[in-house]
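Report on the structure given below.
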Amino acid sequence: MEKVTTLNSSRNFPQFLKLLFFVEMWERFSYYGMRALLVLFLTSHLGFEDKKAYAIYSLFAAIGYAGPVLGGFIADKLMGFRNMVLFGGITITLGHASLTMISFDSNLIYIGLAFIAVGTGMFKGNITNLLGECYRGNEEGRSKGFSLFYVSVNLGGFFASILCSYVAHLYGWHYGFGLAGVGMILGLATFIKFQHILGDNGLSPRMDLMNKKILGLTQKIILMISIVFFAFVVSKMLMESEFFAHLLSCTGVIILAVYCYIIMKSKKKKKRGLIALSILILFLMFFFALEMQLGSLINLFTERNVVSEIFGITVPASVSQALNPCSIIIFGFLFGRYRKFEAKNSTKVFAFGIFTMAICFFTLYIGCLNAHNSLVDYIYLVIALSFMGLGELCVAPLVQEQATLLAPKHLRGLVMGIVMLALAFSNLAGIIISSFMSVPAVNGLVDPIVSLEIYQEGFLKIGMFSLLLTFI
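In numbering that gives the first Met the number 0, the protein residues as written are 0 to 471.
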């Protein structure tokens with residue numbers, strides 16, 4: 000009885016965890032709702048070829064995940080984690096507002112995606128660091144808290160994939176994008192109303208500078224103007240996505256050099272921790288290079304070569320995006336309630352997470368081998384994405400937790416940003432994959448026989464690559 004009481008106590012599920020859980024859930028609802036529709040919208044509505052759609056999707060996501068490097072730096076040096084979460088949420092809301100108007104001008108897709116990408120950069124890493132700061136002094140509940148927090152990401156993704164997809168399918172694309180935006184508004188409102196729960200955590204480290212004005216403008220107004228300007232620059236980059244995707248890859252070398260410099264200048268004890276973290280980040284990058292294909296490659300595969308009727312009900316391809324977060328919710332609940340968090344098991348759990356990706360893509364490959372009339376049975380997709388979700392739960396929370404523990408106190412935002420940067424490069428891998436898994440279209444139509452052959456061969460290669468990673 001004592002064990003059960005402890006598990007349900009406020010120490011294990013503190014108020015700050017509940018707040019950040021719901022804020023992150025609604026932000027991810029907005030992101031994954033939009034992501035479930037994006038590539039399908041680009042290919043079916045705007046008529047883009049696979050390669051161009053992959054490039055836009057990959058660059059958009061890469062900017063969103065690279066942004067936390069800058070967002071974390073600003074939080075560390077001036078704004079604090081709490082202000083950056085707030086400004087990120089406002090910027091994302093502006094992006095979704097633009098997407099609701101794409102029926103009037105399809106070019107608004109670039110502006111909307113740009114605001115969402117920039118806002119995600121301000122929001123993403125800082126809310127994770129805010130959680131880590133709230134857990135200072137409560138190390139016992141930290142691991143469990145991070146795993147449950149990660150469930151919030153997928154709870155939002157689960158509901159978004161179903162609701163936004165069906166709304167877009169029944170009423171139109173802009174309604175689907177609009178519903179995704181409602182999620183961010185709810186998350187933003189929740190954070191503003193209940194942020195007092197966080198106490199002094201996440202406030203600006205330089206309150207003396209926050210009140211100073213430059214040319215009559217406060218620091219917050221300057222930040223918002225800078226965000227809007229940067230968003231318009233990003234919108235132009237998305238229009239030339241293939242070129243700027245390669246350019247962004249080059250900037251990663253600079254960030255890598257900065258990270259190496261941080262390691263060299265750190266004290267011996269911190270240096271060992273940062274080197275260990277860099278190894279985890281490397282494998283995290285490879286893992287998510289494959290997981291990020293869920294919104295692009297696997298989305299189009301489902302649309303073209305997976306049975307769409309389940310028990311007589313037509314299931315839009317984008318709805319199947321819910322399978323991955325659903326598995327994470329189920330496994331995350333079991334992990335949070337019953338798993339014993341022991342540091343000695345971390346390496347085994349991490350390695351198993353890498354191995355699940357091999358199982359995922361080999362399952363899809365077997366499904367292609369057993370296809371009937373160029374259509375793969377839905378059960379293969381269910382099994383594959385369930386293993387992908389299990390693997391994600393084994394890999395991502397562990398790296399996020401270690402980043403908050405191993406980073407020097409004055410550089411936590413920057414180091415978390417570098418973790419997110421690894422995910423940015425994972426997204427850019429989509430362009431590489433598109434080079435051998437793009438399906439040619441004739442007058443906007445794809446031959447399912449041709450697409451099945453391309454996907455079958457590609458899934459086998461990805462499965463072999465994942466198996467190699469596991470052995471390494």
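Cβ atoms here follow ideal geometry from the backbone N, Cα and C, with glycine treated the same way. The structure displayed is predicted, hence computed values, not measured ones.
Residue i (DSSP reduced to helix, strand or coil)
i	result
E48	coil
V441	strand
T90	helix
I471	coil
T99	coil
A288	helix
N426	helix
R141	helix
E132	helix
D75	helix
E456	helix
P396	helix
F12	coil
N472	Residue 472 is absent from the structure shown; the chain starts at 0 and stops at 471.
K347	helix
P407	coil
N106	coil
K266	coil
S532	There is no way to answer for residue 532, as the model of the chain reaches only from 0 to 471.
E239	coil
Short Cβ contact (9 Å threshold) for residue i with residue j
i	j	result
L466	F354	yes
N153	R27	yes
L85	Y56	no
S142	R303	no
L322	G388	yes
M236	I62	yes
F122	G88	yes
S319	L380	yes
Y53	I430	yes
V418	V398	yes
G294	G182	no
I312	F157	no
Y30	L422	no
I309	L363	no
A167	G180	no
M436	D49	yes
C367	Q455	yes
L413	I261	yes
I448	S373	yes
K219	N106	no
I226	V117	yes
For residue i, the residue or residues it bridges with in DSSP
i	result
V150	V150 pairs with nothing; no bridge assigned.
V305	V375
I476	The structure shown does not extend to residue 476, since the chain is modelled only from 0 through 471, so no value can be given for it.
I417	Answer by DSSP bridge pairing: none, since I417 is not bridged.
T313	E308
Distance, residue j Cα to residue i Cα
i	j	result
V276	L197	Residue identity differs from the one stated: residue 276 is Leu in this sequence, not Val. About 27 Å.
L16	F148	7 Å
M100	G272	47 Å
N210	M463	56 Å
P315	S160	10 Å
H95	L468	37 Å
M78	M223	12 Å
V150	G457	30 Å
L482	F103	Residue 482 lies beyond the range of the chain shown here (0 to 471); nothing can be said about it.
S203	P67	17 Å
G177	L185	13 Å
M201	G70	Residue identity differs from the one stated: residue 201 is Gly in this sequence, not Met. Cα-Cα distance, rounded: 13 Å.
F351	G390	7 Å
I365	I254	40 Å
Y165	A288	28 Å
L392	K212	44 Å
W25	G155	6 Å
I471	I278	12 Å
L18	I126	11 Å
F229	P396	30 Å
N128	K51	34 Å
I191	A357	42 Å
I274	I108	40 Å
L39	F114	20 Å
Residue-chain proximity (residue i, chain C), Cβ-Cβ < 9 Å
i	result
F12	In the structure shown, chain C does not exist; there is a single protein chain.
Practice task
May I have a chain-ordered list of the alpha helix (DSSP H) segments no shorter than 4 residues that lie completely inside the segment 154 to 214?
Solution key: If we require 4 residues or more, the alpha helix (DSSP H) runs fully inside the segment 154 to 214 come out as 172 to 193, 206 to 209.
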